[in-house]
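Participant: Residue numbers (this note's numbering): 130 to 819.
We put the beta carbon where it would ideally sit given N, CA and C, even for glycine.
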Amino acid sequence: RIERRGIDKAFFIAINEQIKSGEQPKHDELSLVADDEMEEMVAISTMNSNAMNVYGQEVNNLQARLEYLELSCSDAIDKYTLDPRHICEAFQNALKQLDITLEHKLLLFKLFDLEVSSRLGEMYKSLNQLFIDAGIMPEVVFQAKNLDSDEPGKSTDRREEKPDKPKSQPISKNQDTQQNENGFTVRQAKYYDPQQNKADNFIPRSKEEMSYYVSQFMNGFTTAKGEGIPESFSSIPTDKDNHNCYTRKDLMNALSKLQTKILKYKNVVDKIDAEHIKRAIIADMGSQHGGAVTKRVHVLDQRSIDFVGMMFKAITRDESVSRIVNNLLMRLQIPVIKVAMLDESLFSNDDHPARKTLDLISEAGKGVTEDNDRIFEKLEKIVNDILQSYKVDLASFDRAVNALNLLISNEKDIAAENERIEQREIIRQHARDVVLTEMRHLTSNKKLPKNVQPLILKHYPTMMCNRYIQHGKESSEWFISIMLLKLLMRCLQPITNKAQWEMLSNNHGPLVEAVNDELFETQQDREEIKAQIDVLKRIFLKMLDDYGYMLVEEEKTASTATNAAPYVEEENVEAANEEFDNNDHNEEITRIEEQTRLARDKISRLPSSLHPGVWFEIFNGEDKPVRRLKLSVILTEVAKLIFVDCHGVKVIEKDAGEFADELENQLSRLIADHSTFEHALGTVIHKLAA
130 RIERRGIDKA
140 FFIAINEQIK
150 SGEQPKHDEL
160 SLVADDEMEE
170 MVAISTMNSN
180 AMNVYGQEVN
190 NLQARLEYLE
200 LSCSDAIDKY
210 TLDPRHICEA
220 FQNALKQLDI
230 TLEHKLLLFK
240 LFDLEVSSRL
250 GEMYKSLNQL
260 FIDAGIMPEV
270 VFQAKNLDSD
280 EPGKSTDRRE
290 EKPDKPKSQP
300 ISKNQDTQQN
310 ENGFTVRQAK
320 YYDPQQNKAD
330 NFIPRSKEEM
340 SYYVSQFMNG
350 FTTAKGEGIP
360 ESFSSIPTDK
370 DNHNCYTRKD
380 LMNALSKLQT
390 KILKYKNVVD
400 KIDAEHIKRA
410 IIADMGSQHG
420 GAVTKRVHVL
430 DQRSIDFVGM
440 MFKAITRDES
450 VSRIVNNLLM
460 RLQIPVIKVA
470 MLDESLFSND
480 DHPARKTLDL
490 ISEAGKGVTE
500 DNDRIFEKLE
510 KIVNDILQSY
520 KVDLASFDRA
530 VNALNLLISN
540 EKDIAAENER
550 IEQREIIRQH
560 ARDVVLTEMR
570 HLTSNKKLPK
580 NVQPLILKHY
590 PTMMCNRYIQ
600 HGKESSEWFI
610 SIMLLKLLMR
620 CLQPITNKAQ
630 WEMLSNNHGP
640 LVEAVNDELF
650 ETQQDREEIK
660 AQIDVLKRIF
670 LKMLDDYGYM
680 LVEEEKTAST
690 ATNAAPYVEE
700 ENVEAANEEF
710 DNNDHNEEIT
720 RIEEQTRLAR
730 DKISRLPSSL
740 HPGVWFEIFN
750 GEDKPVRRLK
760 LSVILTEVAK
770 LIFVDCHGVK
780 VIEKDAGEFA
790 DELENQLSRL
800 IADHSTFEHA
810 LGTVIHKLAA
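#1: Could you give the C-beta distance for Ser255 and Ala180, rounded to a whole number, given that I count them as a contact under 8 Å?
#2: Would DSSP call Asn604 helix, strand or coil?
#3: By DSSP's criteria, Arg756 is part of a beta bridge. Which residues make up the other side?
#4: Figure out for me which residue from Glu791, Thr812, Val762 has the closest Cα to the Cα of Glu751.
#5: Strictly by DSSP, which residues pair up with Lys779?
#6: When the Cα of Pro741 is compared with those of Gln345, Gln552, Lys666, Lys208, which residue comes out closest?
#7: Please report the straight-line C-alpha distance between Asp329 and Lys769, rounded to a whole angstrom.
#8: Just the Cα atoms here: how many angstroms apart are Thr306 and Leu380?
#9: Using 8 Å as the threshold, is the segment 788-802 in touch with the segment 470-480, meaning 3 or more CB pairs across them?
#10: Hey, which unbroken runs of the alpha helix (DSSP H) at 4 residues or more fall wholly within the segment 623-673?
#11: Just verifying my parser: in three-state terms, what is the DSSP assignment at Ile763?
#12: Less than 8 Å separating the beta-carbons of Met347 and Arg432?
#13: Can you tell me which residues form a DSSP beta bridge with Asp784?
#14: Sort Ile611, Leu195, Asn531, Val465 by Cα distance to Gln258 and report the nearest one.
#15: Pull up the DSSP beta-bridge partners for Cys594, would you.
#16: To the nearest whole angstrom, what separates the beta carbons of Asn834 and Lys424, a pair I think is in contact under 8 Å?
#17: How big is the Cα-Cα spacing for Glu647 and Arg596?
#18: Identify, in the order they occur along the chain, each residue of the same chain with its Cβ nearer than 7 Å to the Cβ of Thr812, setting aside the five sequence neighbours on each side.
#19: Given a cut-off of 8 Å on the beta-carbon distance, is the pair Ile406 and Leu429 in contact?
#20: What distance in whole Å lies between the Cβ atoms of Ala789 and Leu735, which are believed to be in contact at a cut-off of 8 Å?
#21: What's the call for His481, buried or exposed, on a 16-neighbour Cβ count within 10 Å?
#22: Among Ile609, Gln558, Leu817, which residue has its Cα nearest to the Cα of Val850?
#23: What first and last residue would you give for the alpha helix (DSSP H) that runs through Val343?
#24: Helix, strand or coil for Glu290 per DSSP?
#25: Have a look at Asp774, Asp802, Ile763 and flag the residue whose alpha-carbon is nearest the alpha-carbon of Asp784.
#26: If you follow the alpha helix (DSSP H) that Glu268 is in, where does it begin and where does it stop?
#27: With respect to the alpha helix (DSSP H) encompassing Ala412, which residues constitute its N-terminal and C-terminal limits?
#28: Using only alpha-carbon positions, find the residue among Glu187, Ser474, Glu218 that is nearest to Glu251.
#29: Leaving aside the five residues before and after Val437 along the sequence, list all residues of the same chain whose C-beta is less than 6 Å from its C-beta, in chain order.
#30: Return the first residue and the last residue of the alpha helix (DSSP H) that Glu554 is part of.
#31: Decide if Tyr253 is buried, meaning its Cβ has at least 16 other Cβ atoms within 10 Å, or exposed.
#32: Can you tell me which of the three DSSP states Leu211 falls into?
#33: Where does the unbroken alpha helix (DSSP H) through Ser491 begin, and where does it stop?
#34: Take Ile543 and list the residues in its own chain whose beta-carbon comes closer than 8 Å to its own, dropping the five residues that flank it on each side.
#35: Under 8 Å, do His808 and Asp447 count as touching if we go by C-beta distance?
#36: Of all the options Ser451, His427, Leu461, which has the alpha carbon lying nearest to the alpha carbon of Phe441?
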């Protein structure tokens, strides 16, 4: 509490500095930290991932609008300035003034995630509304699809702006479709008149329109006809239906009997559709009356069965849901039919426990592909509990929602911890690989005295790893460590000429001091380092003494030319250093730039929507099943993508270029992140209204 005012002030100063600086973000490059700082990096990545999962769409919309401003305004705010990661990093900078342990700092990060980061959705929503009110990109469209294309899935990823138009407007019959400026066929909504009891090519888009449309339809005020449309949708209910139809209570009893049978036939539920259910109801009713069927199912009850049946058929075709989780959802078809008959708010209330149950099952099982997975086993138990206990009240679904939320929370914590461990190991391994490559490059064909090998092959690589983890490969700290190692290797080579002896004589003192300073900054055994530095000094002095004696003997017998230029130590040192720095430094920069260019070329081929936390179906080889995995880490310097499973365990690495080819050839694909219930509902409404 004492430090709170200072933290608040430092936090907002950091935010303002980010806005004023306008620096381009470096988050798409490998961000590496040391041991203690690595924990902070993982915490920030976790907070950013959590935030994007909750309100990522609002963040993306804001970035699109800021990017639009950049095209027309030279002093516009950079589009990444206000993203969740920058805000979390501002809090990290604010904590630097505190002298606290890592454990307490991580606790503050967790509190920041719970109390601040997770609640920024309204802020982004308000910022977007400011742009909308100002007429800046009123509607952001990240993907436009040709509704009339004969090719399924044909779409464009081009970002475009659509002007605000009335959701419903009268259009003449010859204006069913038109070409927009980008060449996409857009089907326009026509006016819907509930008083005339018809829907003429009207496609509800807002939630209010969809709720109203479903209410009118389920209560018999509108009809629908067309290919694949059930007969009940075109039938008009009459007063006679109230006398020669089964009562709602009879239907509930018949559906409950079918519901219990699902537990026995769970492997064939995907083959049970609305027609099967209606026939089973009639058969059950007939068996209760000696086999005689004297009544029928009311038209509106048939509509409920057919409507929910169409929704579940849409769910089976939803590629964002795995086959095995689809089977679980299909077991709930009859319970959801019962809910639809009893509670019309199922289709309008986002928080309805039945629709939340379907969505949460899909969310929890996003990466589940095997029935022996512990998550699947827990999901199956929740579904079976509904089948066994649900009658007419919603308590069973309420319990299911609570159980699913608990399951998702626990599994997220487990997966996050596993993923954090995996990420830390991935980062360390990558740093080791980079340093090992550099060491091989710099020590190739070089002679190294045995008694100095611990210094060169153990302590110095450890220091390089720390430099790389803390600052990255393009930092001045990394270049200094590389150039210092090059000079060290050159000085340790056997002396064969006078110029080499002079170079060692002029540089060995500052070189030893520089190596000592660099190594002492790392968390290594200082006594051992001091001993190795002493060994290095003795080696240099012995090399100078041995070859210096030979030079003295040669100078005694050699004649000196009268017009020879005098040797000036300072100028020779500067010339030697200049030659060394310019040639080798430029060569190193060129090599790194070429590696970076190749990596960026590969990464540039990936879709802009690709970022850690996104789920994919991953091609795993011709003879192996496709895996459902989450992108965990992007190693931009080597263009590698690391994927983990639903438990946070690393499964596969992919070259960015190869993965781009797989996406292009549809061998791998992105798994859409949407509400299972809303997607199915929208699919059915679109089919009915269009």
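Facilitator: On the basis of the supplied data:
#1: Here residue 255 is taken as the residue at index 126 of the sequence shown, counted from 1. Here residue 180 is taken as the residue at index 51 of the sequence shown, counted from 1. Contact between Ser255 and Ala180 fails: their C-beta atoms lie close to 16 Å from each other, not under 8 Å.
#2: Here the question's residue 604 lines up with position 475 in the sequence shown. It should be noted that the sequence gives Ser, not Asn, for residue 604. In the structure shown, Ser604 sits in coil (DSSP, three-state: anything other than H, G, I, E or B).
#3: Position 627 of the sequence shown, counted from the start, is the residue given in the question as residue 756. Ile747, per the DSSP bridge assignment.
#4: Indexing the sequence shown from 1 puts residue 751 at position 622. For the residues Glu791, Thr812, Val762, the minimum Cα distance to Glu751 belongs to Glu791.
#5: Counting from 1 along the sequence shown, the entry for residue 779 is found at position 650. Beta-bridge pairing links Lys779 to Val773.
#6: Here residue 741 refers to the residue found at position 612 of the sequence shown. Comparing Cα-Cα distances from Pro741 to each of Gln345, Gln552, Lys666, Lys208, the minimum goes to Gln552.
#7: Within the sequence shown, the letter at position 200 stands for residue 329. Within the sequence shown, the letter at position 640 stands for residue 769. With a pLDDT of only 43 at Asp329, under 50, the local geometry of the prediction cannot be trusted, and no value is derived from it.
#8: The sequence position of residue 306 within the sequence shown is 177, counting from 1. The sequence position of residue 380 within the sequence shown is 251, counting from 1. For Thr306, the predicted structure reports a pLDDT of 39, less than 50, and the residue's modelled location is therefore unreliable. The matter cannot be settled from this model.
#9: no
#10: 627-649
#11: Within the sequence shown, numbered from 1, the residue matching residue 763 stands at position 634. DSSP places Ile763 in strand when its eight states are reduced to three.
#12: As a first step, residue 347 must be located in the sequence shown, where it is residue number 218. As a first step, residue 432 must be located in the sequence shown, where it is residue number 303. Yes.
#13: Position 655 of the sequence shown, counting from 1, holds the residue named residue 784. In the DSSP output, where bridge partners are listed per residue, Asp784 has Lys769.
#14: Locating residue 258 in the sequence shown gives position 129, where the first residue counts as 1. Nearest of Ile611, Leu195, Asn531, Val465 to Gln258, Cα basis: Leu195.
#15: Here the question's residue 594 lines up with position 465 in the sequence shown. In the DSSP output, where bridge partners are listed per residue, Cys594 has none listed.
#16: Given a span of 130 to 819 for the chain in the structure shown, any question on residue 834 remains unanswerable.
#17: Position 518 of the sequence shown, counted from the start, is the residue given in the question as residue 647. Position 467 of the sequence shown, counted from the start, is the residue given in the question as residue 596. Using only the alpha carbons, I get a separation of about 10 Å.
#18: Along the sequence shown, read from residue 1 onward, the residue named residue 812 stands at position 683. Counting only Cβ-Cβ distances below 7 Å, and skipping sequence neighbours, we find Ala443.
#19: Your numbering for residue 406 matches position 277 in the sequence shown. Your numbering for residue 429 matches position 300 in the sequence shown. No, the Cβ-Cβ distance between Ile406 and Leu429 is not below 8 Å.
#20: Here residue 735 refers to the residue found at position 606 of the sequence shown. Here residue 789 refers to the residue found at position 660 of the sequence shown. Indeed they touch by this definition, with Cβ atoms about 5 Å apart.
#21: By one-based count along the sequence shown, residue 481 stands at place 352. Its Cβ being crowded by 16 or more others within 10 Å, His481 is buried.
#22: The structure shown does not extend to residue 850, since the chain is modelled only from 130 through 819, so no value can be given for it.
#23: If you number the sequence shown from 1, residue 343 lands on position 214. Segment 336-347, the alpha helix (DSSP H) holding Val343.
#24: Numbered from its first residue, the sequence shown carries residue 290 at position 161. In this prediction, Glu290 has a pLDDT of 39, which is less than 50 and means its spatial position is unreliable; what the coordinates show is noted afterwards. Glu290 falls in the strand class under three-state DSSP.
#25: In the sequence shown, the residue the question calls residue 784 occupies position 655. Out of Asp774, Asp802, Ile763, Ile763 has the C-alpha closest to the C-alpha of Asp784.
#26: Indexing the sequence shown from 1 puts residue 268 at position 139. Looking at the DSSP string, Glu268 is not in any alpha helix (DSSP H), and its letter there is neither H nor E.
#27: As a first step, residue 412 must be located in the sequence shown, where it is residue number 283. Boundaries of the alpha helix (DSSP H) around Ala412: 403-416.
#28: If you number the sequence shown from 1, residue 251 lands on position 122. The candidate whose alpha carbon is nearest that of Glu251 is Glu187.
#29: By 1-based counting over the sequence shown, the position of residue 437 is 308. Within the same chain, Cβ atoms closer than 6 Å to the Cβ of Val437 are found at Val465, Ile466, Ala469, the five residues on either side in sequence being excluded.
#30: Within the sequence shown, the letter at position 425 stands for residue 554. Judged by DSSP secondary structure, Glu554 falls within the alpha helix (DSSP H) whose first and last residues are 524-572.
#31: Within the sequence shown, residue 253 is the residue found at index 124, counting from 1. Classification for Tyr253: buried.
#32: By 1-based counting over the sequence shown, the position of residue 211 is 82. Residue state, collapsed to three classes: coil.
#33: In the sequence shown, residue 491 corresponds to position 362, counting from 1. 482-493 is the span of the alpha helix (DSSP H), which, as asked, contains Ser491.
#34: On the sequence shown, position 414 is the one that residue 543 refers to. Counting only Cβ-Cβ distances below 8 Å, and skipping sequence neighbours, we find His776, Gly777.
#35: As a working note, residue 808 is residue 679 in the sequence shown. As a working note, residue 447 is residue 318 in the sequence shown. Yes, the Cβ-Cβ distance between His808 and Asp447 is below 8 Å.
#36: Your numbering for residue 441 matches position 312 in the sequence shown. Of the listed residues, the one whose Cα sits closest to Phe441 is Leu461.
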